[in-house]
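For reference, the structure discussed in these notes is given below.
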Amino acid sequence: MPAYEFSVLVKVLPKPELSAVLKRVGILLLDKGVVLQKIQNVGTTDLPYRIRKEGVYYKQGSYFAYGFTGSPKIFADVEDACVRDPDILKYGFVETYQKFPESCTLEEELRPPAFRKSVLKLLEDGKKRKDRARPFYRHIKEYNYFDVYM
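Using the UniProt record's numbering, you'd call the opening residue of the sequence shown number 1 and step up by one each time.
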């Protein structure tokens with residue numbers, strides 16, 4: 001299953017009401033069959049632009065991110081529920097890519113460039129391309145003024 005992040009922008013609320021909103025969203029995701037991996041509080045900040053919801057303009061909001069794995073088929077149902085929720089200002093799904101750990105090549109990187117495997121490979125590729133390069137076209141006969149006009 002692919003990993004996704006569901007970002008939610010909630011209007012500024014007291015802690016009991018904020019926890020109720022977060023619980024509603026979490027239960028909504030769990031009811032759709034996803035596996036929640038994390039809930040992250042990104043913070044409360046001023047919004048880049050004012051957002052209107054139910055006739056009221058909001059200039060501040062709290063950002064939260066739910067990390068989960070699940071099917072993308074649930075997006076429409078979750079978005080429909082978030083549109084009807086009066087406390088959620090904005091929301092969105094983002095696919096997250098899992099990073100695999102890279103092996104440490106510090107010894108290789110500390111070697112002089114002429115002895116590194118990556119540089120040697122680049123030099124070999126350059127030599128191969130030089131052999132395949134299109135030869136420069138040269139005229140057999142050079143024309144001068146007297147050949148053309150006399």
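Glycine is no exception: its CB is placed at the ideal position from the N, C-alpha and C atoms. If you're wondering where the values come from, they're calculated on a predicted model, not measured in any experiment.
Between residue i and residue j, which are expected to be in contact by the criterion C-beta below 8 angstroms, what is the C-beta distance as a whole number of angstroms?
{"i": "residue 42", "j": "residue 20", "result": "That pair is no contact at about 19 angstroms."}
{"i": "residue 120", "j": "residue 81", "result": "Actually they are not in contact, since the Cβ atoms of residue 120 and residue 81 sit about 57 angstroms apart, beyond 8 angstroms."}
{"i": "residue 107", "j": "residue 116", "result": "That belief does not hold up - the Cβ atoms of residue 107 and residue 116 are roughly 10 angstroms apart, past 8 angstroms."}
{"i": "residue 9", "j": "residue 63", "result": "6 angstroms"}
{"i": "residue 68", "j": "residue 35", "result": "6 angstroms"}
Give every residue of the same chain whose Cβ lies closer than 8 angstroms to the Cβ of residue i, excluding the five residues on either side of it in the sequence, and list them in chain order.
{"i": "residue 53", "result": "11, 86, 89"}
{"i": "residue 33", "result": "70, 71, 74"}
{"i": "residue 44", "result": "12, 60, 61, 62, 63"}
Within this structure, are the beta carbons of residue i and residue j separated by less than 8 angstroms?
{"i": "residue 22", "j": "residue 39", "result": "yes"}
{"i": "residue 105", "j": "residue 3", "result": "no"}
{"i": "residue 46", "j": "residue 37", "result": "no"}
Excluding the 5 residues preceding and the 5 following residue i in the sequence, name in chain order all residues of the same chain whose CB lies nearer than 6 angstroms to its CB.
{"i": "residue 51", "result": "58, 89"}
Excluding the five sequence neighbours on either side, which residues of its own chain have a C-beta within less than 7 angstroms of the C-beta of residue i, listed in chain order?
{"i": "residue 113", "result": "119"}
{"i": "residue 98", "result": "3"}
On the DSSP letters alone, give me the boundaries of the beta strand (DSSP E) that residue i sits inside.
{"i": "residue 3", "result": "3-11"}
{"i": "residue 112", "result": "Residue 112 -> no beta strand (DSSP E), and no H or E assigned at all."}
If you follow the alpha helix (DSSP H) that residue i is part of, which residue opens it and which one closes it?
{"i": "residue 80", "result": "75-84"}
{"i": "residue 46", "result": "Where residue 46 is concerned, there is no enclosing alpha helix (DSSP H), although the beta strand (DSSP E) it sits in stretches over 35-53."}
{"i": "residue 23", "result": "15-31"}
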